[in-house]
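Down below is the structure, laid out as structure tokens.
There are 2 protein chains.
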Amino acid sequence: MILDIDHVGIAVDDLEGSVERYRRTLGVEPSHRERVEDQGVEEVLFPAGASFIQLLGSLGADTPVGRFLATRGPGVHHVAYRVDDVAASLARLRGEGVRLVDEVPRRGSRDTLIAFVHPKEMGGVLIELVQIAG
Amino acid sequence: MILDIDHVGIAVDDLEGSVERYRRTLGVEPSHRERVEDQGVEEVLFPAGASFIQLLGSLGADTPVGRFLATRGPGVHHVAYRVDDVAASLARLRGEGVRLVDEVPRRGSRDTLIAFVHPKEMGGVLIELVQIAG
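Residue numbers (the numbering used here), protein chains in the order written: chain A, 1 to 134; chain B, 135 to 268.
Written out as structure tokens, the structure is:
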């Protein structure tokens with residue numbers, strides 16, 4: 001079901017400073033930036049092979065990433081797996097009795113279709129499923 | 135400098151139960167299992183494109199992953215980036231004043247060369263650099 005790691009989502013306190021730090025220390029260049037209002041984040045993507053490193057800045061304290069930063073501090077927020085069909089993946093997970101955050105796919109950044117799986121179900125890891133726009 | 139995400143390392147309380155859960159829910163099959171005594175872990179790898187999902191069971195409470203589980207609970211332990219030359223990457227990081235966990239590359243699982251970067255330096259994310267055996 002999993003085609004690849006689509007990205008690792010990393011919550012950061014200071015988006016611009018973190019982008020600069022990743023550029024300088026890891027020698028990566030950002031390839032995409034997007035403000036995703038309904039998720040309350042601004043994201044910057046760095047390509048890493050066929051995957052991405054995703055830095056996530058919060059658009060406010062009362063957003064999922066804002067609350068994550070307040071309680072856990074900066075760090076890995078979620079792991080996103082690329083699948084060919086998010087709806088089919090959700091059906092499989094539902095069939096295994098897995099609790100979902102999103103019961104149906106919704107629009108993500110880069111015109112993707114996405115859905116989140118509840119972290120309680122996957123050993124404390126918030127998992128996102130990502131279907132690239134066909 | 136970064137060729138790909140080599141793997142995402144996920145600390146789990148129950149390695150066998152977690153392997154089974156990943157197999158059933160995400161439809162992935164383990165491709166490698168290794169006990170790494172000097173890191174105090176047993177790891178199971180699932181391929182995801184050119185990357186891996188790495189489940190990490192602790193070999194005891196007094197190991198890095200054992201302490202991580204005791205203080206943070208199960209979840210993402212580290213993110214590993216594939217590079218072509220770990221020694222050169224360490225030199226670059228050192229040149230940028232980045233504090234390292236490993237000053238020189240050491241042997242990892244799968245006959246890789248690896249080094250860890252201090253999480254305080256990279257926004258709370260423990261980063262591993264991985265050079266595939268040539």
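Even for Gly, the Cβ is constructed at its ideal location relative to N, Cα and C.
Could you work out which residues of chain A lie near Ala184/B, taking near to mean beta carbons separated by less than 8 Å? What you label residue 184/B is simply residue 50 of the second sequence in a count that begins at 1. Under the 8 Å cutoff, chain A gives Asp4, Gly49, Ala50.
For the region 43–67 of chain A, which segments carrying the beta strand (DSSP E) assignment without a break, of at least 3 residues, lie completely within its bounds, in sequence order? 51–58
If Leu56/A and His32/A are in contact, beta carbons under 8 Å, what's the gap, nearest whole angstrom? In the first sequence, counting from the first residue as 1, residue 56/A sits at position 56. In the first sequence, counting from the first residue as 1, residue 32/A sits at position 32. A Cβ-Cβ separation of about 13 Å leaves Leu56/A out of contact with His32/A under the 8 Å criterion.
How about Ile266/B and Gly49/A: do their beta carbons lie closer than 8 Å? In the second sequence, the residue the question calls residue 266/B occupies position 132. In the first sequence, the residue the question calls residue 49/A occupies position 49. Contact flag unset, no.
8 Å Cβ cutoff, Ile144/B in contact with chain A: Residue 144/B sits at position 10 when you count from the first residue of the second sequence. Ile144/B counts as touching chain A.
Endpoints, beta strand (DSSP E) assigned at Val142/B: For the purposes of this step, residue 142/B is taken as residue 8 along the second sequence, with counting starting at 1. Where Val142/B is concerned, the enclosing beta strand (DSSP E) starts and stops at 138–146.
Per DSSP, cross-strand counterpart(s) of Ile203/A: Limits of chain A in this structure are 1 at one end and 134 at the other, which puts residue 203/A out of reach.
Does any residue of chain B have a CB that is nearer than 8 Å to the CB of Val79/A? The sequence position of residue 79/A within the first sequence is 79, counting from 1. It does: the Cβ of Val79/A has a partner Cβ on chain B nearer than 8 Å.
Sort out for me which residues DSSP pairs Arg82/A with in a bridge. The residue given as residue 82/A occupies position 82 in the first sequence. Checking the DSSP bridge columns, you'll see Arg82/A partnered with Asp4/A, Val130/A.
Host alpha helix (DSSP H) of Val153/B (start-end): Residue 153/B sits at position 19 when you count from the first residue of the second sequence. First-last of the alpha helix (DSSP H) with Val153/B: 149–160.
Given a threshold of 16 other Cβ atoms within 10 Å of its Cβ, counted over all protein chains shown, does Arg216/B qualify as buried or as exposed? Within the second sequence, the letter at position 82 stands for residue 216/B. It is buried - the Cβ of Arg216/B has at least 16 other Cβ atoms within 10 Å.
Less than 8 Å between the beta carbons of Ala249/B and Arg240/B, yes or no? On the second sequence, position 115 is the one that residue 249/B refers to. On the second sequence, position 106 is the one that residue 240/B refers to. The answer is yes: Cβ separation under 8 Å.
Chain-ordered chain B contacts of Ser18/A [CB-CB under 7 Å]: Taking the first sequence and counting its residues from 1, one reaches residue 18/A at position 18. Within 7 Å Cβ-Cβ: Gly257.
Within its chain, find whatever has a CB closer than 7 Å to the CB of Pro30/A; leave out the 5 residues flanking it on each side and keep chain order. Taking the first sequence and counting its residues from 1, one reaches residue 30/A at position 30. Around Pro30/A: Val19, Val44, Leu45, Phe46.
Tell me, please, whether the CB atom of Gly27/A is closer than 8 Å to any CB atom in chain B? As a first step, residue 27/A is located in the first sequence; it is residue number 27 there, counting from the start. In terms of beta-carbon proximity, Gly27/A lines the interface with chain B, with at least one pair separated by less than 8 Å.
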